[in-house]
Structure formats: C-alpha cells, structure tokens
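The sequence shown begins at 358 in this note's numbering and counts up one residue at a time.
Just so you know, even glycine gets a beta-carbon here, dropped at the ideal spot from N, CA and C.
Comments concern the structure below.
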Amino acid sequence: MVESQKLGLRQNLADMQETVEQTNQQLEQKNRALESINAALAGARAELAKVRRRTRAAYAFGLGIAGLATAWALGTSSYAATQKAEAQRAIEQKEDADLAAQSAQKAVDGLQTDKKTLEITRKSLENDKQSLLTDKEGLLADNQQIAAEVDTALEAQQAAEGAAATAKSQAANAQDQVVVAQSQAATAKAKVAAAQTEAEKKQTELAQVNTELETSNQALQSEIAKQETVANETARLETLNNDLEAAGRRLGNTLGASLGLAGVSPSQNALYELGGLKESIPYLEASLKKAQDANNLRGAGNASGNLGEVYHNLGDYKTALKYHEEHLAIARKIQDSFGESQALANVGEVLYQPGLLSRCVGET
C-alpha cells in the first residue's frame, strides 16, 4: 500500500512539474507577445509622431501656400491655381494624417488594452506558478515522508520475513513433534485397546460378582424376612410373657393373701391345682430361644424373668433363681435400670424362701 502511494505521488509530482513547465512556456510566450506589443506600440507611437510632424508641416506648408497664393493671386492666375491645388493637397494630406493619427491612436489604445490583458494573464500565470511551486514543495515533503514510511515498511517487511523464517523453522520442529506424538498416540491407543480388553474381562467378572451378590442379596432378604418373622414372633411371645407375668403376679398376690402363714406346701398344692403354669413353660422357653437367636437381649432378659416367675410360683426355686440371675446379668449388660431393679427384686423374693434367706440379705 505504501509503495503504491509513493508511485502515485511521484506520478502526481511529474504531472505537476510538466504543468509548471507548460505554464512557464505559456508565460514566456505571453512575455514575448507583450514585448512584441510593446515594440509595436513604440513603433506606432513613433509613426504617430512622424504623422503629426508631417501634419503640422503640411498644415504650415498649406498655410504658407495659401498665403502665397493670396499674395500672388494678383500675379498670375495659373500659378495661383497650381498653388491652390498644392494647398488643397496639403489639406488632404493633413486630413489623411489626422485619420492615420486617429487610426494609430486606436491601434495604440488596442495595444494598451492587450498589454493590460497580457499583464493580468502574466500575473495570473505567475500566481499559478507560485501555487504550483508551493504544491511541488508539499509534494516533495510528502515524497520524503512516504520515502521514510517506505523505509520503515521495508524494515518491517524484513522483520516479518525473519519472523516467518523462524515460524517456518518452528513449524518444522512442531511437525517433528507431531510425528513423535502420533507414534506415542498409537502406542497409547494400543495400551487403551489392551485396557479395554482387560476392562471387558473385569466387567464380565463384575457381572458374575453382581450375579453372586444378587443371589446373596436374595438370600439375605430371605434371612431378613425370617428375622422379621422371628422378631414378630418374639414380640408376640413377649406380649404373652408380659400377660403371663401380670397373671402370675395377680396369682401370687391372691395366694399370698389367701394362704397367709399357711406355709409353702399348701401354696404349692394350690399352684398345682390352678394349672396353666407348666403349660406356659414351653412357650416361654421358645420365646427365650428366638430372642437369643435374634440377639434380642432385652427380649431374652424379659423371657428369662418370666420363666423365673413361673418356676418360682411352681416352687422350683433353684431354677427360678437361675433364670432371675440370667435376667439380672442381661439387664446390667444392656444398662436397663428398670429391668435390673426388677430382677434384683425377683432374686430377693426367691431367696426369701426358707433356707435361702441368708443369701437374700447378702445379695441385696
């Protein structure tokens, strides 16, 4: 772009120089024409002066002739006529000279007008020449500036060419790196394929494991269902134990109130006559086993306490003490304060029997 601007500016400068030269030539032509007009005007003025001198001479000569003619009028008429004719010719020459003088004056006036016109034209051409010179100086300054810009552009071009060479070298290096990267990518691709094969193998194994887990899960669900059934049965038995415990307490209270100091044997006989306690033992033992199988310590403790109550009411104090001590151990293990106090009371109640009273005091 800068080079094209420089070429265009040079062309404009050449055109302007040609225009200046043409203007100078026109100015010289006008100056020569003005000089010719000045010379012609000088010649016309000289000729006009000559005509005027001849006119004055002819007028004077005509007056002289006229005087002579008058003086010699009385002389001879022939000579007078001749002189008269001469005088007439002199007058005519004067008139012709006047006409020539007028024509010369007109020519001078025309030359003066042409001279003024040429002067105006010359001044206009000089102004144009000065304007062209000013434009020429501006164009020269622009030319210098554009030359500097061209030099700067050439330096930038050289720098760009150097940068392009460097970039080309870097591109070649990058191409080599691409080849290496492609080789590494091929190796990585082979590794990925092997990893995919291994992953598919692992997925197959995982599917097998999932199948086994699903089977185990189903078995676990089945076991959970069984545990829930056991828990439900344990809860039912606990409810039954609670009911039996309440009935046993009510029965014990009734027997205690009715027997008083009658002793143990009548009370034993009365429990046997009431019936139902022995029949509850298998249920309570089943409840205890299910609670133990389900690792339900609280339920096992309650079942042991209920069995102790039944055996206590049946008079089997040794077995009753065994179950009450089991209930006490479980209550202490699970930190069941209420169950512990209840078990201690039951143990004390069993030990309150004859022969066990000393142990009752010692335990409490």
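Could you give the C-beta distance for residue 391 and residue 475, rounded to a whole number, given that I count them as a contact under 8 Å?
Translated into positions along the sequence shown, residue 391 becomes position 34. Translated into positions along the sequence shown, residue 475 becomes position 118. With a Cβ gap of about 5 Å, residue 391 and residue 475 count as contacting.
Are residue 656 and residue 681 closer than 9 Å when you measure CB to CB?
Indexing the sequence shown from 1 puts residue 656 at position 299. Indexing the sequence shown from 1 puts residue 681 at position 324. No, they are not a contact pair.
Among 405, 414 and 468, nearest to residue 446 - alpha-carbon criterion
Taking the first residue of the sequence shown as 1, we reach residue 446 at position 89. Among 405, 414 and 468, the Cα nearest to that of residue 446 is on 414.
Are residue 677 and residue 671 touching if we call contact CB-CB under 9 Å?
As a working note, residue 677 is residue 320 in the sequence shown. As a working note, residue 671 is residue 314 in the sequence shown. Going by C-beta atoms, residue 677 is nearer than 9 Å to residue 671.
What are the uninterrupted segments assigned as beta strand (DSSP E) that are 3 or more residues long and contained completely in the stretch 473 to 500, given in chain order?
Here no run is fully enclosed.
Measuring CA to CA, which of 468, 444 and 454 is closest to residue 406?
Here residue 406 refers to the residue found at position 49 when the sequence shown is read from its first residue. Ranking 468, 444 and 454 by Cα distance to residue 406 puts 454 first.
Roughly how many angstroms lie between the CA atoms of residue 634 and residue 700, to the nearest whole one?
Counted from its first residue, the sequence shown places residue 634 at position 277. Counted from its first residue, the sequence shown places residue 700 at position 343. Roughly 20 Å between the two C-alpha positions.
What residue range does the alpha helix (DSSP H) around residue 699 cover?
Position 342 of the sequence shown, counting from 1, holds the residue named residue 699. Counting along the chain, residue 699 sits inside the alpha helix (DSSP H) bounded by residues 694 to 708.
Could you name each continuous alpha helix (DSSP H) segment of 4 residues or more that falls completely within the stretch 499 to 563, going from the start of the chain to the end?
none
Let me know if residue 644 comes out buried or exposed under the rule of 16 or more other beta-carbons within 10 Å of its beta-carbon.
In the sequence shown, the residue the question calls residue 644 occupies position 287. Buried is the call here.
Any contact between the stretch 383 to 399 and the stretch 512 to 527? By contact I mean 3 or more CB pairs, one from each, below 8 Å.
Touching, no, given that fewer than three Cβ pairs across the two stretches are closer than 8 Å.
Just verifying my parser: in three-state terms, what is the DSSP assignment at residue 629?
On the sequence shown, residue 629 is found 272 positions in, with the first residue counted as 1. Legend: pLDDT at residue 629 = 37, less than 50; position of this residue unreliable, no value from coordinates given.
On the CB-based measure, 16 or more other CB atoms within 10 Å of its CB, does residue 723 come out buried or exposed?
The question about residue 723 has no answer, for the chain in this structure spans 358 to 721.
Does residue 369 come out as helix, strand or coil in the three-state DSSP assignment?
Counting from 1 along the sequence shown, the entry for residue 369 is found at position 12. Residue 369: helix per DSSP, three-state reduction.
Rounded to whole angstroms, what's the CA-CA distance from residue 339 to residue 368? Just pull it up for me.
With the chain represented from 358 up to 721, any question about residue 339 goes unanswered, as that position is not in the structure.
If we ignore side chains and look at the alpha-carbon of each, how far apart do residue 540 and residue 533 end up?
On the sequence shown, residue 540 is found 183 positions in, with the first residue counted as 1. On the sequence shown, residue 533 is found 176 positions in, with the first residue counted as 1. Taking the straight line from one Cα to the other gives about 11 Å.
Applying the 10 Å Cβ sphere with the 16-neighbour rule, what's the burial state of residue 661?
In the sequence shown, the residue the question calls residue 661 occupies position 304. The residue in question, residue 661, is buried, as its Cβ has 16 or more Cβ neighbours within 10 Å.
Cutting at 8 Å between CB atoms, please list the residues of its own chain near residue 482, excluding the five before and the five after it.
Here residue 482 corresponds to residue number 125 of the sequence shown, with the count starting at 1. So the list reads 380, 383, 384 and 387, once near-sequence residues are dropped.
Please classify residue 703 as buried or exposed, where buried requires at least 16 other C-beta atoms within 10 Å of its C-beta.
Within the sequence shown, the letter at position 346 stands for residue 703. It is buried - the Cβ of residue 703 has at least 16 other Cβ atoms within 10 Å.
Look up residue 673 in the DSSP assignment and say whether it is helix, strand or coil.
Position 316 of the sequence shown, counted from the first residue, corresponds to residue 673. DSSP, reduced to helix, strand and coil, places residue 673 outside both helices and strands of the structure shown, so it counts as coil.
Taking residue 477 and residue 366 to be in contact with their CB atoms under 8 Å, please state how far apart those CB atoms are, rounded to whole angstroms.
Taking the first residue of the sequence shown as position 1, residue 477 is located at position 120. Taking the first residue of the sequence shown as position 1, residue 366 is located at position 9. Not quite, the Cβ-Cβ distance comes to about 33 Å (not below 8 Å), so this is no contact.
Give me the Cα-Cα distance between residue 400 and residue 479, rounded to the nearest whole angstrom.
Residue 400 sits at position 43 when you count from the first residue of the sequence shown. Residue 479 sits at position 122 when you count from the first residue of the sequence shown. Going from the Cα of residue 400 to the Cα of residue 479 covers about 23 Å.
Where does residue 659 land, buried or exposed, given buried means 16+ other C-beta within 10 angstroms?
Numbered from 1 along the sequence shown, position 302 holds the residue referred to as residue 659. Around the C-beta of residue 659, 16 or more other C-beta atoms lie within 10 Å, and the residue is accordingly described as buried.
When you compare only the Cα positions, how much space is there between residue 558 and residue 549?
To locate residue 558, count along the sequence shown from 1; it is residue 201. To locate residue 549, count along the sequence shown from 1; it is residue 192. Approximately 14 Å between the Cα atoms of the pair.
Using DSSP with H/G/I as helix, E/B as strand and the rest coil, what is residue 651?
Residue numbering aside, residue 651 sits at position 294 when the sequence shown is read from its first letter. In the displayed model, residue 651 falls within coil according to three-state DSSP, outside both helix and strand.
Tell me, to the nearest whole angstrom, how far the beta carbon of residue 492 is from that of residue 373; I am working on the premise that it is less than 8 Å.
One-based indexing of the sequence shown puts residue 492 at position 135. One-based indexing of the sequence shown puts residue 373 at position 16. Between residue 373 and residue 492 the Cβ distance is about 6 Å, and since that is below 8 Å, they are a contact.
Around the Cβ of residue 467, are there at least 16 other Cβ atoms within 10 angstroms (buried) or fewer (exposed)?
Locating residue 467 in the sequence shown gives position 110, where the first residue counts as 1. Residue 467 should be labelled exposed.
Under three-state DSSP, which class holds residue 691?
In the sequence shown, the residue the question calls residue 691 occupies position 334. Looking at residue 691 - three-state DSSP - the assignment turns out to be coil, as it is neither helix nor strand.
Smallest Cα separation from residue 411: which of 397, 450, 378 and 583?
The residue labelled residue 411 in the question sits at position 54 within the sequence shown. Ranking 397, 450, 378 and 583 by Cα distance to residue 411 puts 450 first.
Is it buried or exposed, residue 362, if we count other Cβ atoms within 10 angstroms and call 16 or more buried?
As a working mapping, residue 362 is identified with position 5 in the sequence shown. Exposed is the call here.
Measuring straight from C-alpha to C-alpha, what distance separates residue 637 and residue 694?
Residue mapping note: residue 637 aligns to position 280 of the sequence shown, counting from 1. Residue mapping note: residue 694 aligns to position 337 of the sequence shown, counting from 1. Spanning the two alpha carbons is a distance of roughly 27 Å.
Apply the 10 Å Cβ neighbour rule to residue 653 and answer buried if 16 or more other Cβ atoms are within range, or exposed otherwise.
One-based indexing of the sequence shown puts residue 653 at position 296. When all chains shown are included, residue 653 counts as buried.
Of the listed residues 584, 395, 485 and 578, nearest to residue 376 (C-alpha basis)
As a first step, residue 376 is located in the sequence shown; it is residue number 19 there, counting from the start. If you compare the alpha carbons of 584, 395, 485 and 578 with that of residue 376, the shortest gap goes to 485.
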